[in-house]
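K.L.:
Residues 1 to 147 in this note's numbering are what the sequence shown spells out, letter by letter. The structure is given below, and queries will be raised subsequently.
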Amino acid sequence: MERTFIILKPNAVRRGLIGEILRRFEQRGIKIVGLKFLWMTREQCERLYEPHLGKSFYEDLTNFMASGPVVAVVLEAPRVIEMVRHIVGATDPLKAEAGTIRGEFALTLTKNLIHASDSLESAQREMSIFFNEDELIDYELDIQNDI
Ligand code: CMP
């Protein structure tokens with residue numbers, strides 16, 4: 001089964017939206033296989049956003065990501081990259097459809113509440129910054145055969 005990686009950004013935690021956001025994935029039948037509450041180090045922020053190094057928003061983004069605790073999550077589902085990005089909505093909250101996480105709760109690009117990997121390769125790279133292989137837990141969801 002395919003896995004992706006998401007981070008609930010510091011403003012999602014400060015705004016008390018952890019439960020609201022995770023509920024949307026659970027409700028859809030997506031399995032949580034890794035979950036951590038942590039305050040990202042500078043180094044972790046820089047590794048995560050390495051592909052954006054040099055872009056105009058890089059400094060703002062990395063400073064923001066280091067501004068408070070986050071929730072790092074590994075999710076598992078069929079077609080998980082597309083499914084999770086569909087639930088999250090477009091990167092720019094202005095373009096995110098109503099009903100998506102960003103479409104309902106986000107206002108600006110940098111503080112768009114949640115990061116979700118854009119491919120299986122980046123998911124692998126990103127989750128390895130935060131999780132060891134033995135921290136990803138294999139188990140059966142009760143509803144697994146009914147979705
Ligand atoms: P995220 O999914 O975390 O991946 C990169 C982040 O850069 C993105 O969400 C936004 O929070 C942030 N960002 C800020 N400005 C821009 C921009 N102009 N284009 C794309 N991403 C941006």
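We put the beta carbon where it would ideally sit given N, CA and C, even for glycine. Remember, it's a predicted structure, so these values are computed and weren't measured experimentally.
(1) Does the beta carbon of N112 sit closer than 8 Å to a beta carbon anywhere in chain C?
(2) CB F37 to CB P69, shorter than 8 Å?
(3) Check T62 in the structure and name its three-state DSSP category.
(4) Report the residue from L120, A116, L136, G89 whose alpha carbon sits nearest the alpha carbon of L107.
(5) Taking 6 Å as the limit between beta carbons, can you name the residues of its chain near I7, skipping five residues before and five after?
(6) At a cut-off of 7 Å, would you count N112 as near ligand 2, judging by its Cβ distance to the nearest heavy atom?
(7) Can you check which of these residues, P78, E43, G54, is closest to G29 by C-alpha distance?
(8) Quick one: what's V115 bridged to in DSSP?
(9) Just list the residues that DSSP pairs F37 with in beta bridges.
(10) Enumerate in chain order the residues of its own chain whose CB-to-CB distance from R14 is below 7 Å, with the five nearest sequence positions on each side excluded.
(11) Closest by CA to K111, which one among N11, E2, R3?
(12) Starting from A128 and walking both ways along the alpha helix (DSSP H), at which residues does that stretch end?
(13) Mind checking whether the beta-carbon of L109 lies closer than 7 Å to any heavy atom of ligand 1?
(14) In whole angstroms, what separates the C-alpha of L75 from that of Q144?
P.N.:
Taking the coordinates as given:
(1) Among the chains in the structure shown there is no chain C, since it carries only a single protein chain.
(2) Contact: yes.
(3) In this structure, DSSP gives T62 a helical state, which the three-state scheme calls helix.
(4) Nearest C-alpha to L107: G89.
(5) The residues are V70, A72, H115.
(6) The ligand content of the structure shown is limited to ligand 1, which means ligand 2 is not among them.
(7) Distance from the Cα of G29 is smallest, within the candidate group P78, E43, G54, for P78.
(8) Sequence check: residue 115 is His here, not Val. H115 is bridged to I7.
(9) Bridge partners of F37 according to DSSP: V71.
(10) Correct list, in chain order: G68.
(11) When only C-alpha atoms are compared, the closest one is N11.
(12) Sequence inspection shows Ser at residue 128; the Ala mentioned does not correspond to that position. For S128, the enclosing alpha helix (DSSP H) stretches over residues 120-130.
(13) Relative to ligand 1, the beta carbon of L109 is positioned inside 7 Å of a heavy atom.
(14) If I take the Cα positions, the gap works out to 14 Å.
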